[in-house]
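Read the structure below first, then the notes.
There are 2 protein chains.
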Amino acid sequence: MKTSRLQLIALPDLPMVRPGDDLADLILQGVAGAGEALRDSDVLVLAQKIVSKANGRIVDLRGVTPSARAAALAAEVDKDPRLIELILSESTEVVAKRPGVIVVAHRLGIVLANAGIDASNVEQEGDSERVLLLPEDPDADCRALCQAMHERQGVRVAAVINDSVGRAWRNGTMGLAIGSAGLPALWDLRGEPDLYGRELQVSEVGLADQLASAGSLLQGEGSQGQPVVLVRGLRFPGSEQGAGALLRPAEQDMFR
Amino acid sequence: MKTSRLQLIALPDLPMVRPGDDLADLILQGVAGAGEALRDSDVLVLAQKIVSKANGRIVDLRGVTPSARAAALAAEVDKDPRLIELILSESTEVVAKRPGVIVVAHRLGIVLANAGIDASNVEQEGDSERVLLLPEDPDADCRALCQAMHERQGVRVAAVINDSVGRAWRNGTMGLAIGSAGLPALWDLRGEPDLYGRELQVSEVGLADQLASAGSLLQGEGSQGQPVVLVRGLRFPGSEQGAGALLRPAEQDMFR
């Protein structure tokens, strides 16, 4: 399966997303605005923030009461106890902490700072202190989007929800997949031949993560407002896998 | 700096690369073969293997004499002592080991299995047991390539050398940058405004790593033979940085 050309198209002029918005509808408008129409095997890469916003995953810190555990941890890392309360409620484990930084294993399995909770690019009103949580079930969001596109446009697309995540050993964030559907998030190439016909030794490729990073090249971080990237031309096999396939069990992890 | 469309073009019909080959020349032939010509701000993403091959970083295990340390480690991880000798000679630290796997900090700073040494896609002759090491100085290789393209074509391109690397917490390899030139490997967006005009909190982006992963979507792993990907349309600031900017010092690393 050789991909010879790939096009990445940032959908223009997407409106600010609000709770209850129909993302499939907004994306179809964006695709049309780009002068395109969806095709089979297109991959939609969605920034986590718009999915969280559409799903109403917004919490106002003013309504959060920190537990004693959250208060103690907040004092230790010098952060808002209400934020720490939310971080703990979204996490299964605190992986690392120091003043100003807390890295956790999110209940979705991904390891990231602040459980992915963030106030950037979140609309405030009056004295609001709104923050945005990761989607409840990003794989399900991806499946629903693919399904909607099939029902409305008759096309079989794939979808990835990405977030910008820090990582071990390396400076700088990279786009990683927190959800996916319609493609093998983890693509198993073991057994394929190398250039000289011998069997490849390694090769499970983090396909959804690589798509997440590719999409991130166009999404940018701040005021650019390009949360959806259409990836066209990729050749990949079908799959029922979600992004959970990318989670490496601790006992198999030699890179920590 | 908003990138609205990105094209990734795998250069077709590159010949097998051999020691001493002029990569710039091969790449220009490939660009022409794709019906294209290089433009300012094009980014060339090169698979590590072709750079290593052109640089003659091929070692025949038959000529390697393992040290006592290598022999002991080889017994422990159940690998060829001559390969372990090469891995140790290329590394500054053994990060993790178990039977069948050894993860090291390469002297270039990147953490990866087997010090990136691999026999896949390496041509053998007779009883040869050739393996390929990472380039000596991939940043310098990238700078030289950019310089050659400027001299021969009058264009200012950027370059990334990538490799498929395992990582902490996640299954599957991702393309990461082992060398770069002509772009900020680590792109500092701190201080930029968010959608609502507030300052972004985090944002140093691993630009070269994201390009490495994007390129990897087309390079594939095995017999596809598409080691060079032309990335066109990316907007980025100039930079003198190399890929070393992506190395996170241990004392700042909370993700291990």
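Residue numbers (my numbering), protein chains in the order written: chain A, 4 to 259; chain B, 4 to 259.
C-beta atoms are modelled at their ideal positions from N, C-alpha and C, and glycine is treated no differently.
For residue i, I'd like the list of residues in its chain whose CB is within less than 6 Å of its CB, leaving aside the five on either flank, ordered along the chain.
| i | result |
| --- | --- |
| A/Arg-65 | Glu-132 |
| B/Asn-58 | Pro-138 |
| A/Ala-211 | Val-163, Ala-180, Ser-183, Ala-188, Ala-246 |
| A/Ala-248 | Ala-188, Leu-189 |
| A/Val-3 | The requested residue 3 of chain A is not part of the displayed model; chain A covers only 4 to 259. |
| B/Leu-49 | Ile-164, Val-231 |
| A/Asp-24 | Ala-57 |
| A/Asp-3 | The structure shown has nothing for residue 3 of chain A, since chain A only spans 4 to 259. |
| A/Val-106 | Val-98, Ala-99, Ala-116 |
| A/Ser-206 | Leu-192, Arg-193 |
Which same chain residues, not among the five before or five after residue i, have their C-beta less than 7 Å away from its C-beta?
| i | result |
| --- | --- |
| A/Arg-85 | Leu-64, Val-67, Pro-69 |
| A/Cys-149 | Val-160, Ala-161, Ala-162, Ala-184, Gly-185 |
| B/Met-152 | Ala-27, Leu-41, Val-158, Val-160 |
| B/His-109 | Glu-93, Ser-94, Leu-115, Ala-118, Gly-119, Leu-137 |
| B/Gln-127 | Arg-133 |
| A/Pro-102 | Val-80, Asp-81 |
| A/Gly-209 | Leu-189, Leu-249 |
| A/Lys-52 | Asn-124, Leu-135, Pro-230 |
| A/Glu-254 | none |
Starting from residue i and walking both ways along the alpha helix (DSSP H), at which residues does that stretch end?
| i | result |
| --- | --- |
| B/Leu-221 | 210-222 |
| B/Val-34 | 26-36 |
| B/Leu-148 | 141-156 |
Applying a beta-carbon distance threshold of less than 9 Å, which residues of chain A neighbour residue i?
| i | result |
| --- | --- |
| B/Thr-68 | Within 9 Å Cβ-Cβ: nothing; B/Thr-68 doesn't reach chain A, min ~24 Å. |
| B/Pro-84 | Going along chain A, no residue has its Cβ under 9 Å from B/Pro-84, so there is no contact; the nearest lies around 18 Å. |
| B/Ile-12 | Ser-7, Arg-8, Leu-9 |
| B/Gln-229 | Lys-5, Thr-6, Ser-7 |
| B/Ser-131 | Ordered by position in chain A, no residue passes the 9 Å Cβ test against B/Ser-131, which lies about 12 Å from the chain. |
Interface residues of chain B around residue i at Cβ under 8 Å?
| i | result |
| --- | --- |
| A/Glu-207 | Asn-174, Gly-175, Thr-176 |
| A/Val-104 | Met-257 |
| A/Val-62 | Within 8 Å Cβ-Cβ: nothing; A/Val-62 doesn't reach chain B, min ~17 Å. |
| A/Leu-189 | Asn-174, Gly-175 |
Following the continuous beta strand (DSSP E) through residue i, name the residue where it begins and the one where it ends.
| i | result |
| --- | --- |
| A/Ala-108 | 104-109 |
| A/Arg-235 | 231-235 |
| B/Val-125 | B/Val-125 -> no beta strand (DSSP E), and no H or E assigned at all. |
| A/Gln-255 | Segment: none, A/Gln-255 is in no beta strand (DSSP E) and carries neither H nor E. |
| B/Ser-183 | 177-184 |
| A/Ala-161 | 161-168 |
| B/Leu-76 | No beta strand (DSSP E) holds B/Leu-76; the alpha helix (DSSP H) holding it covers 71-80. |
| B/Ala-57 | That residue, B/Ala-57, is in no beta strand (DSSP E); its alpha helix (DSSP H) goes 51-57. |
Provide the residue(s) that pair with residue i in DSSP beta bridges, ordered along the chain.
| i | result |
| --- | --- |
| A/Ser-94 | A/His-109 |
| B/Glu-207 | B/Asp-191 |
| A/Ala-99 | A/Val-106 |
| A/Val-134 | A/Val-62 |
| B/Pro-3 | Residue coverage of chain B in this structure runs from 4 to 259, which leaves residue 3 of chain B outside it and unanswerable. |
| B/Leu-115 | B/Val-107 |
| A/Arg-8 | B/Ile-12 |
| A/Arg-173 | B/Leu-250 |
| B/Val-46 | B/Ala-161, B/Val-234 |
Within a Cβ cutoff of 8 Å, which residues of the same chain sit near residue i, ignoring the five residues on either side of it in sequence?
| i | result |
| --- | --- |
| A/Gly-112 | Gly-247, Leu-250 |
| A/Arg-72 | Leu-91 |
| A/Gly-223 | Gln-229 |
| A/Asp-142 | Gly-182, Ser-183, Ala-184, Gly-245, Ala-246, Gly-247 |
| B/Gly-274 | Past the boundaries of the shown model lies residue 274 of chain B; chain B is included only from 4 to 259, so the question cannot be answered. |
| A/Asp-45 | Val-158, Val-160, Ala-161, Leu-233, Val-234, Arg-235 |
Quick one: which chain A residues come within Cβ less than 7 Å of residue i?
| i | result |
| --- | --- |
| B/Val-48 | Per Cβ cutoff of 7 Å: no residues; B/Val-48 is ~11 Å from chain A at best. |
| B/Asp-256 | Ala-171, Trp-172 |
| B/Ser-219 | Gln-213 |
| B/Leu-41 | Per Cβ cutoff of 7 Å: no residues; B/Leu-41 is ~16 Å from chain A at best. |
At a CB-CB cut-off below 9 Å, which residues of chain B make contact with residue i?
| i | result |
| --- | --- |
| A/Arg-101 | Met-257 |
| A/Leu-237 | Leu-220, Leu-221 |
| A/Val-114 | Ala-171, Trp-172, Arg-173, Phe-258 |
Since residue i meets chain B, which of its residues come closer than 7 Å, beta carbon to beta carbon?
| i | result |
| --- | --- |
| A/Arg-251 | Trp-172, Arg-173, Asn-174 |
| A/Ala-248 | Asn-174 |
What does residue i touch in chain A if you count any residue whose Cβ is under 8 Å from its own?
| i | result |
| --- | --- |
| B/Pro-15 | Ser-7 |
| B/Ser-242 | Going along chain A, no residue has its Cβ under 8 Å from B/Ser-242, so there is no contact; the nearest lies around 13 Å. |
Name the chain D residues that come within less than 9 Å of residue i, Cβ to Cβ?
| i | result |
| --- | --- |
| B/Ser-44 | Although the question refers to chain D, the structure presented lacks it and instead comprises the protein chains A and B. |
contact_flag[the region 209-222 of chain A, the region 141-156 of chain B] where n(CB pairs < 8 Å) is 3 or more: no
Contact between the region 187-196 of chain A and the region 236-245 of chain A (3+ Cβ pairs under 8 Å): yes
Stretch pair the region 45-61 of chain B + the region 71-80 of chain B: three plus CB contacts closer than 8 Å: no
Touching by the beta-carbon criterion (3+ pairs, under 8 Å), the region 226-237 of chain B and the region 9-17 of chain B: yes
Stretch-stretch touch, CB-based, cutoff 8 Å, three pairs: the region 16-31 of chain A with the region 14-22 of chain B: no
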